[in-house]
Amino acid sequence: MCGTPTNLQWGKSANNVVSPEIKDRIREHINYLPRVDSHYNRENKKKEYLAEGLNVTILYEEYVKQCSSKGVTPGKIHLYRQIFNDKFNIAFHVPKKDRCDTCEAMKIQNNPAEEDQQNFVAHLRGKEETKTERDNDRKDNNKFTVCFDLQNVFALPTAGVSKFIYKRKLNVYFMTIHCSADKRGYGALWHEGQSGRTGNDMASSVPKIPEAVVEENSDDPRVKNITLWSDSCIPQNRNSFFFYCYENVPQKSS
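21 is the number that the working numbering gives to position 24 of the sequence shown; each next residue is one higher, with no gaps.
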């Protein structure tokens, strides 16, 4: 007996082939999920985020329910996870504490150059000096020191209902303010239908801070001297809109 052996058939079993329709339905399900804004990655426009509290397992369970309601066969969870990770640039939104970009960049350097080390030492010294200056302002009883910061974006409404996963949430912005003199907290709240969080938007909201402080403390002569403190977030604070706003704050508060 003689003949030519056939080619190896490893990995070519028709039983392991996933139909294009199943893959398309997975992509359609993922595309249908509403995205939310991230507080910390506004410069990365290509990165998308899903609402807090979700994960791939939850999304897959909803996908299976959707397939069942349509009478079609769902793909396996490993296929759903593979398409989610490889075909999309999506992450799950998780509220984080503010982190310094310079400090975080230094942490991942195994062998930083001497110049980088010197710059980092100067950076830490500047942070400490800034904190000391802010603390001194807070302790100064002859003036009002006001600290403000934009909190994490939160989406409303929130509910543990499956159908809410597919609903577009309303992004809400909340600026918190604390005044050292009267020990009070203030807040500015708005949603994306009213305004956003660009430099121009933030500069428009800042005059409301001293206005509220002055209104609540009109009988206190110290209110004529207000010092504002905030973080160094460039989209919010370090821009031309904000500097122009600072120039006009005394006029609005007088």
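Heads up, the beta-carbon is just placed ideally off N, CA and C, and yes, glycines get one too.
Could you check if residue i is buried or exposed, using at least 16 other CB atoms within 10 Å of its CB as the buried criterion?
i: residue 202; result: buried
i: residue 186; result: exposed
i: residue 239; result: buried
i: residue 190; result: exposed
i: residue 194; result: buried
i: residue 105; result: exposed
i: residue 152; result: buried
According to DSSP, is residue i helix, strand or coil?
i: residue 133; result: helix
i: residue 32; result: coil
i: residue 224; result: strand
i: residue 68; result: coil
i: residue 193; result: coil
i: residue 110; result: coil
i: residue 2; result: coil
i: residue 217; result: coil
i: residue 230; result: coil
i: residue 14; result: coil
i: residue 236; result: coil
i: residue 164; result: coil
Which residues does DSSP pair with residue i in a beta bridge?
i: residue 89; result: 47
i: residue 188; result: 169
i: residue 57; result: Note: residue 57 sits in no beta bridge, so no partner.
i: residue 181; result: 176
What residue does the beta strand (DSSP E) around residue i start on, and which one ends it?
i: residue 100; result: No beta strand (DSSP E) contains residue 100, which is instead part of the alpha helix (DSSP H) from 98 to 104.
i: residue 143; result: 141 to 147
i: residue 173; result: 167 to 176
i: residue 151; result: 151 to 153
Within the continuous alpha helix (DSSP H) that includes residue i, where are the two ends?
i: residue 76; result: 74 to 84
i: residue 200; result: 196 to 202
i: residue 209; result: 205 to 213
Any contact between the stretch 204 to 215 and the stretch 177 to 184? By contact I mean 3 or more CB pairs, one from each, below 8 Å. These segments touch.
Does the structure place the stretch 72 to 79 close enough to the stretch 51 to 61 that three or more beta carbon pairs sit under 8 Å? Verdict: yes, contact present.
Quick test of the definition: if touching needs 3 or more C-beta pairs under 8 Å, does the stretch 122 to 139 touch the stretch 147 to 154? Because the criterion of three Cβ pairs below 8 Å is not met, the stretch 122 to 139 and the stretch 147 to 154 do not touch.
Do the stretch 15 to 23 and the stretch 114 to 125 meet, that is, are 3 or more Cβ pairs less than 8 Å apart? no
Cβ pair count under 8 Å reaching 3, the stretch 164 to 180 against the stretch 109 to 119: no
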